[in-house]
Amino acid sequence: YSKTFVTKLFMAQAEFDGRYKRRDNGRTTVRMTCEQAVEIIKGMDNITLGMPKVVYLVGWQYNGHDSKYPAFFDGNYALKRPQDRTALESLRWVMSEGKKYNTAVSVHINMIDAYEDSPLWDKYVANDVISRTEYGAIRRGEWGYPISYAQEWKLGFAQERIDKLCSILPIQEAGTIHIDAFHSEVPQPVKREDGTWDIEMQSPISPLSWFYP
3 YSKTFVTKLF MAQAEFDGRY KRRDNGRTTV RMTCEQAVEI IKGMDNITLG MPKVVYLVGW
63 QYNGHDSKYP AFFDGNYALK RPQDRTALES LRWVMSEGKK YNTAVSVHIN MIDAYEDSPL
123 WDKYVANDVI SRTEYGAIRR GEWGYPISYA QEWKLGFAQE RIDKLCSILP IQEAGTIHID
183 AFHSEVPQPV KREDGTWDIE MQSPISPLSW FYP
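The structure is reproduced here in structure tokens:
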């Protein structure tokens, strides 16, 4: 990647109600369609004089960004071309067109979040793939519920969803993918002294963190 221009294109946001996201509310805010994404890729190629590029599409699935994880098995219908039957057809077209402009096009996914309206929600809850507190309650995060990486790999569920994604989109051909929020704990909301809410991101991640300035 040292000689490659890497960026993301934010295509759509899945809207939700309330302070914390637990499920979609059914609305999608579209920032760019598949056709518009190709035009942007074409423009970037002109500006960069044909240098190698990687573009990750954000919000390509279901209702948009952070929609229905842990599933990522369908495209966002609001982004598709009129002539295509499905959104996945349009996404495959974007990935193919990118090659004309020296660009590997892939997708932005998330491996830790789970939402109540996901097609996989019931399966993951029943098999204890959703992380739980020390008291046995399902653990909640700022966005959705965190997945137990260990349990998901143990049961083969992670491999199943990776394989399915690679079967519907040419990820292996692109040769790259972006995994968002690749951490082991979902940031927790905290209430400040002034009454506002924020996410605490400054707690130590290592017992030796005090050693470094």
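Going by our numbering, the sequence shown opens with residue 3, and the numbers climb by one from there. Glycine included, each C-beta is placed from N, C-alpha and C at the ideal position.
Rounded C-alpha distance that separates residue i from residue j
i	j	result
Leu51	Lys44	11 Å
Arg21	Glu118	15 Å
Arg24	Pro148	11 Å
Ile223	Ile181	Because the chain here runs from 3 to 215, residue 223 falls outside it and cannot be looked at.
Ala183	Asp115	9 Å
Lys102	Trp123	39 Å
Asp26	Gln15	10 Å
Asn104	Met97	11 Å
Lys5	Asn65	34 Å
Phe18	Val32	14 Å
Ser218	Thr198	Summary: the structure shown does not reach residue 218, with the chain confined to residues 3 through 215, and so no result is reported for it.
Trp145	Asp47	35 Å
Gly177	Glu99	15 Å
Closest Cα partner of residue i within the set the options
i	options	result
Leu167	Asp86, Met113, Ala183	Met113
Met13	Gln38, Arg25, Pro121, Ala139	Gln38
Leu59	Leu157, Ala183, Thr9	Thr9
Cys36	Lys70, Pro54, Glu91, His67	Glu91
Pro172	Phe75, Asn48, Asn27	Phe75
Tyr151	Gln161, Arg33, Glu144	Gln161
Gln63	Lys82, Val56, Val40	Lys82
Gln174	Arg94, Asn129, Thr135	Arg94
Pro72	Arg194, Phe159, Glu195	Phe159
According to DSSP, residues forming a beta bridge with residue i
i	result
His180	His110
Gln63	Gly77
Thr135	None; Thr135 has no bridge partner.
Asp115	Pro148
Tyr58	Lys10, Ser108
Lys23	Trp145
Ile140	Arg134
Host beta strand (DSSP E) of residue i (start-end)
i	result
Gln15	14 to 16
Thr198	From DSSP, Thr198 is part of no beta strand (DSSP E); its letter is neither H nor E.
Thr30	30 to 32
Host alpha helix (DSSP H) of residue i (start-end)
i	result
Ser98	89 to 100
Tyr126	123 to 128
Ser169	159 to 170
Gln85	Note, Gln85: premise wrong, no alpha helix (DSSP H); not H, not E.
Gly45	36 to 49
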